[in-house]
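Worksheet: one structure, shown below.
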Amino acid sequence: MIRIKCPYCGERDHSEFTYGSDASIKYPALDAPESEWTQAIFFRENIRGMQKETWHHTNGCRLWLEVERSTITHEIKSVKACHPQIEKITKSKL
Amino acid sequence: MTSVRKDNYGKINRDKAVSFTWDNKEYSGYEGDSLASALLANDIKIVGRSFKYHRPRGVMSSGVEESGALVTIGSGSKRDPNVRATTQELYEGLDAKGQNAFPSVNFDFGGINNYLGRFFAAGFYYKTFMGLPPFEWGKGTGIWMVFEKIIRKAAGMGKASREPDPDSYEHSNDFCDVLVVGSGPAGVAAAKETANQNLNVILIEQDSLLGGNNLADRKFDPSLLQKQLESYGVRVMSRTTAFGVYDNTVVGALERVTDHISNPNTSLPRQRFRTIRAKHIILASGALERHIAFNNNDIPGVMTANAARHYLNRYGVLTGKNIVITTNNDSVYQTAIELHEAGSKVTILDSRKDISMDLPKEIELHLETLPFSINGSKKIQSLDVCKAKDKTNKYTIICDQVLVSGGWSPIVNLVSHRGIEPVWNEENLCFVPGDIKENITVVGSARGIWNNDDCVESGIVGANEAMNTLGIDRKEISFPSVGGWSNSIDALYEVKSNKFPSKSFIDFQHDVTAEDVRLAHREGFVSVEHLKRYTTLGMANDQGKMGNIIGLSLMAEQLDKTIPEVGTTVFRPPYTPVPIGALTGRNVDKHFRPLRVTPMHQWNIDHGAKMIDVGLYQRPWYYPENNETLSDSYIREATIVRKTVGICDVTSLGKIAIQGPDATELVNRIYTNPFAKLPIGKARYGIMLRDDGIVMDDGTSWRLGENEYFMTTSTAAAAKVMSWLEELLQTRWTDLKVNVTSVSEQWAGAAIAGPKSRDVLNECVFDPNEITNENLPFMGVLQTKLKDGTPCRVVRISFSGELAYEMYIESDYAHGMMDILWENAQKYDGCLYGLEALGALRVEKGHVTAAELDGRVTIDDAGLGKMASTKKSYIGSAMRKRGVLSADDREMLVGFFPINEKETFNAGTIVCEKNQIEGQGVGRITSVTHSPELGHWIGIGFVKGGLEKWKDITLVGADPVRDKQMEIKVVSPHMIDPEGKRMYA
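So this is what it looks like as structure tokens:
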């Protein structure tokens, strides 16, 4: 079972979380052309190895987290809140 | 009598006799017996029949690897098939039966298969599937369908009960620093060493007694061990099997709580599924003794040598009078001496030469001698033996038992669950665990260490390794080396027979013979994974615990490769079978999923509502009067709503509070229609798209203040929309100063719909003249209070197409709100209406729900294109017209009428052209209802090209599932009051 160290709640089972998506995607501006959106939505890397991804602590504090996880071994290298301000707060709390 | 109970032997409680039944006959054993030991003590040798050939099967081991003594325990709803008699503890009244046999395991008609063996060789099922041999007769005629039924009946082991499981199961969660699996010498040493450092240690043991293979030692006392470990602070869990090791050193374990008790306390679960989260795992799972393949090596009376020692020293059962032990290694000699001392005549056949062993002179030792073939069918009469060098040099030994030791296999299964491939140790002829990069340490015979003292030493070293990872600095780690016998093991897996067809078994339960492996090779199966599936070797209950290595060695021989080159199959969880009931735990019946009820749930029931499950919610379905049917009831309710007024619980809608200076900006970015200029006190219906331009959900947002909105979502998408807003705000739009809070549980809502709804509302609110068309126009919002002063929110909004409102109140006041609404609605001959009437009313209006907005539909498809702003950008605006989404033949929302007004149809009906009733047709009907207003059935759904294309053309509604067809026509989805005169009234 993957265990994720939520910066707000502590280490929890993955069943409390919902996988989001690749965290490295930079979404275009809302008024960006279709081609840019197509690139962001449909053209994704299928990474073998460390991947930055988003997880939602759905059954917890409801923070969206950026998790660095190995897609091969499930090893988790780092976890932080996606929102920069929240990240600062949770970091100082730890 | 050949197997007997011995005085002064065993760890059973002779003061407590236990009676049990075997195949409906009563027998007696002792407390502390396993079913297998009790059967053996009663000299019952045949306890089962094999899978294919229905050959008699006896007890072949003393543990979880058992593949002979599989029995059925209990009857009726408590019937439990394929239980290993070797691990089933005996209890008063235990009811066990042989299985896979008719009329009994002693005399089984299915035994005829034994003589048809050549037709049942490896791949029999596949070959039959291809047509009957030898010329593939019947190929392609579906003959398999006929044969399948017969085969399924003939093959297979015990039968599961068809009744609901009456037992209860539990889930439990545990945490520890160090988890030790196995209580043999290595495991115990590791547990003590780590617990000594004040670490939180759990030790789990699948057996009822602690000790592992020490239990085969006559002098060993397991009860002392339990106390000792507890004094160290170790949490000991016996009767608990670690069946799987998962990511992050999490272990799945099954505790058998009452499987050994005759009349268990009903408050106890039968089994407990434990999830143990450890920081470090020490696996001391031990090793299993292997068999050797030779002709008739499955006759009852054949078992592993170590098992016989277990039965003698743990259960006080001497399993044979005249015993031949056949071996290729040193491990049997202690057993031989003890069996001899217990009174049996013992002969040892050792395949090796030049070995020195101290033996009493009464034990005959035949060196360089192999077992060749057992004579006998239901029991052993004698054993033909041959010389290792010259197989024609044969002689016969009279005996009643043959004990086999083909070497030992460390239990690498649990390590294998982590994807760590085992490594072949050529010196000891066994797989040992490979290099482990996680916090898992393997100790004892599980890493191929054979001697007791070395096992203890390895346990201490393993404990040190665990402490290193936990930050307690210990010295360098150096494990005792693999092995430990004084004479090296001989590579003996099979003694080839000259008989055809030979019955040299390697998988006893599935009847896989050495010949089957060679056949598979001849037929081109060269990978072990294919071999396994083709021959079903290792696919029985024991999952290859007994036969895998022999199978691999035979394959290696055929391929002219070494065993490590051939490789091994991957072991996957569970290590031993886990009942589905235990996995499910308490999540059955009412607890299968959480139940959500609205704050007026009881009120609805008290007022006669029949409820329906909608997602996790239970909502009022209809309110029958005088034994009305569903159909009568909803038609009456919908008719009354259109005529006077109706009240409906709409609490299940998602509700989100949006607050902050950028609230307007957020709402404006996520809805397709403009929200930037929505005045305070007004609501707007809006559509949200996904990034890819498909509709996500619809709902309303009300502007309550400069910086505050109240958003409602559909019931189905409530959770999704909430997560979506959080994702946007936390990952993409982190500069927006706005907060979203789910308030779905905080507010109770009711719809008040119908021409008299305004009158009803005025009777309910504090100021009886407050609700007017001017004061509360269509899409107006009012924060007001009820007659009794309770604050509430009212919005003028319509799903039914009538003059209608929704009223929201804090959940605690829901009953009060319903009371006052209902009291006043009755004055206007109103009714309560449920989901069915709500559906009828909205279908008449062509309003969409999750049935239509199913994740494939664009805003244009849904006929709501004019709600997509061209003046602003929003989520999905760039993508909603991309390629396929703007094709001419998109399916568009339309209404459907049956041509014959008496005809009905169902949601899911496929819309086809008259001359082309096939495939996916040209559209589909998504929602249907009887329309009280129109007096016949109507539907909405989608059709390629929309109303424009199919107007006045008769189509066919095909419903192959219900074997139904009807002529239909396409109409506008707005079937009633298309101008909305009633709504704006």
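Chains A and B supply the protein sequences, listed in that same order. Note that our numbering gives residue 85 to position 85 of the first sequence, counting from 1, and the numbers run on in steps of one. Adding 1000 to a residue's 1-based position in the second sequence gives its number in our numbering. Where is the CB? At the ideal position from N, CA and C, for every residue including glycine.
Closest residue to T1347/B among K1590/B, G1945/B, T1396/B and N1413/B (Cα-Cα distance): Your numbering for residue 1347/B matches position 347 in the second sequence. Measuring from the Cα of T1347/B, the nearest candidate turns out to be T1396/B.
Residues of the region 27-38 of chain A whose Cβ lies closer than 8 Å to any Cβ of chain B, in chain order: Y27, P28, A29, L30, D31, A32, P33, E34, E36, W37 and T38
Where K5/A sits in the DSSP three-state scheme: Here residue 5/A corresponds to residue number 5 of the first sequence, with the count starting at 1. Three-state DSSP puts K5/A in a strand.
Test: S1208/B CB closer than 8 Å to a CB of chain A: On the second sequence, residue 1208/B is found 208 positions in, with the first residue counted as 1. Judged by the 8 Å Cβ criterion, S1208/B is not in contact with chain A.
Selected residue, minimal CA-CA separation from R1162/B, among R1572/B, I1449/B, G1076/B and G1484/B: Locating residue 1162/B in the second sequence gives position 162, counting from the first residue. When each option's Cα is compared against that of R1162/B, the closest is G1076/B.
Status (buried if at least 16 other CB within 10 Å, exposed otherwise) for K1545/B: On the second sequence, position 545 is the one that residue 1545/B refers to. It is buried - the Cβ of K1545/B has at least 16 other Cβ atoms within 10 Å.
C-alpha distance - L1666/B paired with L1736/B, whole-angstrom precision: As a position in the second sequence, residue 1666/B is number 666, starting the count at 1. As a position in the second sequence, residue 1736/B is number 736, starting the count at 1. Distance between the alpha carbons of L1666/B and L1736/B: 8 Å.
Rounded separation between L1318/B and R1005/B - CA only: What you label residue 1318/B is simply residue 318 of the second sequence in a count that begins at 1. What you label residue 1005/B is simply residue 5 of the second sequence in a count that begins at 1. Using only the alpha carbons, I get a separation of about 6 Å.
Proximal chain B residues relative to T90/A, where beta-carbon distance stays under 8 Å: In the first sequence, counting from the first residue as 1, residue 90/A sits at position 90. Chain B residues near T90/A: none, gap ~12 Å exceeds 8 Å.
Nearest neighbour of L1678/B, chosen from A1663/B, D1692/B, R1690/B and L1689/B [CA to CA]: The residue labelled residue 1678/B in the question sits at position 678 within the second sequence. Out of A1663/B, D1692/B, R1690/B and L1689/B, A1663/B has the C-alpha closest to the C-alpha of L1678/B.
Interfacial residues, the region 1818-1832 of chain B to chain A, with Cβ spacing under 7 Å: none
Residue burial classification, F1592/B (beta-carbon count within 10 angstroms, cutoff 16): Taking the second sequence and counting its residues from 1, one reaches residue 1592/B at position 592. F1592/B comes out exposed.
Cutoff 8 Å: I946/B Cβ touching any chain A Cβ: Since the first residue of chain B shown is 1001 and the last is 1985, residue 946/B is not available in this structure.
Cutoff 7 Å; reference P1579/B; Cβ partners in own chain excluding five residues on either side: For this step, residue 1579/B is matched to residue 579 along the second sequence. Contacts found: Q1271.
Own chain residues within Cβ distance below 6 Å of G1749/B, not counting five before or after: Along the second sequence, read from residue 1 onward, the residue named residue 1749/B stands at position 749. Correct list, in chain order: V1650, T1651, E1806 and Y1808.
Helix, strand or coil at D1977/B [DSSP, three-state]: Translated into positions along the second sequence, residue 1977/B becomes position 977. D1977/B falls in the coil class under three-state DSSP.
Sequence-distant residues of the same chain with beta carbon closer than 7 Å to N1452/B, five excluded per side: Here residue 1452/B is taken as the residue at index 452 of the second sequence, counted from 1. Only P1185 meet the Cβ criterion.
Pair within 8 Å by beta-carbon distance, R1586/B and Y1169/B: Numbered from its first residue, the second sequence carries residue 1586/B at position 586. Numbered from its first residue, the second sequence carries residue 1169/B at position 169. Yes.
Burial state of V1443/B, where buried means 16 or more other Cβ atoms lie within 10 Å: In the second sequence, residue 1443/B corresponds to position 443, counting from 1. Classification of V1443/B: buried, given that the 10 Å Cβ count is 16 or more.
Closest by C-alpha distance to L1339/B, when choosing among D1217/B, N1425/B and V1415/B: The residue given as residue 1339/B occupies position 339 in the second sequence. Of the candidates D1217/B, N1425/B and V1415/B, the one whose C-alpha sits nearest the C-alpha of L1339/B is D1217/B.
Nearest to D1691/B (by Cα), restricted to the options E1836/B, W1485/B, S1873/B and K1052/B: For the purposes of this step, residue 1691/B is identified with residue 691 of the second sequence, where counting begins at 1. Considering only alpha carbons, the answer is S1873/B.
Outcome for H1280/B when other beta-carbon atoms lying within 10 angstroms are tallied against a minimum of 16: Residue 1280/B sits at position 280 when you count from the first residue of the second sequence. That one is buried.
Burial state of F1896/B, where buried means 16 or more other Cβ atoms lie within 10 Å: In the second sequence, the residue the question calls residue 1896/B occupies position 896. Classification of F1896/B: buried, given that the 10 Å Cβ count is 16 or more.
Residue closest to T1086/B, alpha-carbon to alpha-carbon, out of R1352/B, A1069/B, T1335/B and N1306/B: For the purposes of this step, residue 1086/B is taken as residue 86 along the second sequence, with counting starting at 1. Comparing Cα positions, the closest option is A1069/B.
Per DSSP, the bridge partner or partners of Y1395/B: Residue 1395/B sits at position 395 when you count from the first residue of the second sequence. Looking at the DSSP assignment, Y1395/B forms a beta bridge with V1385/B.
Continuous alpha helix (DSSP H) stretch holding T1664/B: start and end: Reading the second sequence from its first residue, position 664 is the one you call residue 1664/B. Its alpha helix (DSSP H) spans residues A1663 to I1670.
CB contact below 8 Å: E1247/B versus chain A: Start at 1 with the first residue of the second sequence, and residue 1247/B comes out as number 247. A small correction: the amino acid at residue 1247/B is Asp; Glu does not occupy that position in the sequence shown. So, interface residue.
L1616/B and R1596/B closer than 8 Å at C-beta: For the purposes of this step, residue 1616/B is identified with residue 616 of the second sequence, where counting begins at 1. For the purposes of this step, residue 1596/B is identified with residue 596 of the second sequence, where counting begins at 1. Their beta carbons are under 8 Å apart, which means L1616/B touches R1596/B by this criterion.
Terminal residues of the beta strand (DSSP E) in which Y1534/B lies: Your numbering for residue 1534/B matches position 534 in the second sequence. Counting along the chain, Y1534/B falls outside any beta strand (DSSP E), though it belongs to the alpha helix (DSSP H) covering V1528 to T1535.
Given A81/A as reference, the closest of M1/A, S92/A, I2/A and I47/A once Cα atoms are compared: Numbered from 1 along the first sequence, position 81 holds the residue referred to as residue 81/A. Closest by alpha carbon: S92/A.
The alpha helix (DSSP H) enclosing W1603/B, as first and last residue numbers: For the purposes of this step, residue 1603/B is taken as the residue at position 603 of the second sequence. Start and end: H1601 to D1606.
Residue nearest to K1011/B in terms of C-alpha spacing, selected from G1211/B, S1331/B and N1082/B: Locating residue 1011/B in the second sequence gives position 11, counting from the first residue. When only C-alpha atoms are compared, the closest one is G1211/B.
When K1345/B, T1369/B and I1477/B are compared against R1352/B, the one with the closest alpha-carbon: As a first step, residue 1352/B must be located in the second sequence, where it is residue number 352. When each option's Cα is compared against that of R1352/B, the closest is T1369/B.
Host beta strand (DSSP E) of R12/A (start-end): Taking the first sequence and counting its residues from 1, one reaches residue 12/A at position 12. Start and end: G10 to D13.
Any chain B beta carbon closer than 8 Å to G20/A: Here the question's residue 20/A lines up with position 20 in the first sequence. Judged by the 8 Å Cβ criterion, G20/A is in contact with chain B.
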